[in-house]
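Colleague: Would you mind keeping the following structure in view while I ask a few things?
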Amino acid sequence: MRATEITVGRKFAAVFEHGEDFFEALDRFCRETDVRAGHLTFIGGFSHARLVGTCEPLEHPERPLWDEIEVETLEVLGSGTLAWDPDEERVTPHIHVSAGLKADSADGRTSHLQGGTVQFLAEVVIEEWITPEVTRPRDPGMHDVPLLTFGRTD
Numbered sequence: 001m002r003a004t005e006i007t008v009g010r011k012f013a014a015v016f017e018h019g020e021d022f023f024e025a026l027d028r029f030c031r032e033t034d035v036r037a038g039h040l041t042f043i044g045g046f047s048h049a050r051l052v053g054t055c056e057p058l059e060h061p062e063r064p065l066w067d068e069i070e071v072e073t074l075e076v077l078g079s080g081t082l083a084w085d086p087d088e089e090r091v092t093p094h095i096h097v098s099a100g101l102k103a104d105s106a107d108g109r110t111s112h113l114q115g116g117t118v119q120f121l122a123e124v125v126i127e128e129w130i131t132p133e134v135t136r137p138r139d140p141g142m143h144d145v146p147l148l149t150f151g152r153t154d
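Residue numbering for the sequence shown is 1 to 154, as defined by the UniProt record's numbering.
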């Protein structure tokens, strides 16, 4: 286990609007407010979303899955972390969602969010983390998975 004490900064409430790309709106928010790390939770609707998943048997269940599925017309509850990518000079989010598919008796999907378009609105609460510096470098020894890291890594 790795753990650290976090110094919390500002707390924001934002509404991402109908038709907005969720990740583009989040990126714009982080740039405009200079949020570089933190935690977010949200509720809302997506007209469509891309989630990590497959309908095929997993050949290697112990490895990360990079395949995507697309789902449409869903109600979403999500949460995740934000970490700074010094190479790209932008925030990299790691978000998971539980989503009810409205057209399928609210049948659900739970997975890693790869992308989504807001339907009506998404109400987002973002808590900024001031210290330590939080990044998400890829770990080649663990299938190149980006791992949350506290403090400087150089």
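Virtual Cβ for every residue (Gly too), placed ideally from N, Cα, C.
If we ignore side chains and look at the alpha-carbon of each, how far apart do Val76 and Leu40 end up?
Modeller: One C-alpha to the other measures close to 14 angstroms.
Colleague: What is the residue span of the beta strand (DSSP E) that Arg90 lies within?
Modeller: Its beta strand (DSSP E) spans residues Arg90 to Leu101.
Colleague: Counting only runs of 3+ residues fully inside the stretch 47–89, write out the beta strand (DSSP E) ranges in chain order.
Modeller: Within the stretch 47–89, the complete beta strand (DSSP E) runs of at least 3 residues are 68–85.
Colleague: Tell me the DSSP secondary structure of Gly108 in three-state form.
Modeller: Note: Gly108 maps to strand in three-state DSSP.
Colleague: Please name the residue in Arg2, Lys11 and Met1 whose C-alpha comes closest to that of Trp129.
Modeller: Comparing Cα-Cα distances from Trp129 to each of Arg2, Lys11 and Met1, the minimum goes to Lys11.
Colleague: Select from Pro140, Thr81, Asp107 and Arg50 the residue whose C-alpha is nearest the C-alpha of Glu116.
Modeller: Per the sequence shown, residue 116 should be read as Gly rather than Glu. Selected option, being the one with the closest Cα: Arg50.
Colleague: Helix, strand or coil: how does DSSP classify Arg36 here?
Modeller: It is coil, neither helix nor strand.
Colleague: Pick out whichever of Asp27, Gly53 and Phe16 has its Cα sitting closest to the Cα of His96.
Modeller: When only C-alpha atoms are compared, the closest one is Gly53.
Colleague: Report buried or exposed for Arg36, applying the criterion of at least 16 other Cβ atoms within 10 angstroms of its Cβ.
Modeller: With 16 or more Cβ atoms within 10 Å of its Cβ, Arg36 is classed as buried.
Colleague: Where Gly100 and Leu65 are concerned, what is the direct C-alpha to C-alpha distance, given to the nearest angstrom?
Modeller: Distance between the alpha carbons of Gly100 and Leu65 is about 22 angstroms.
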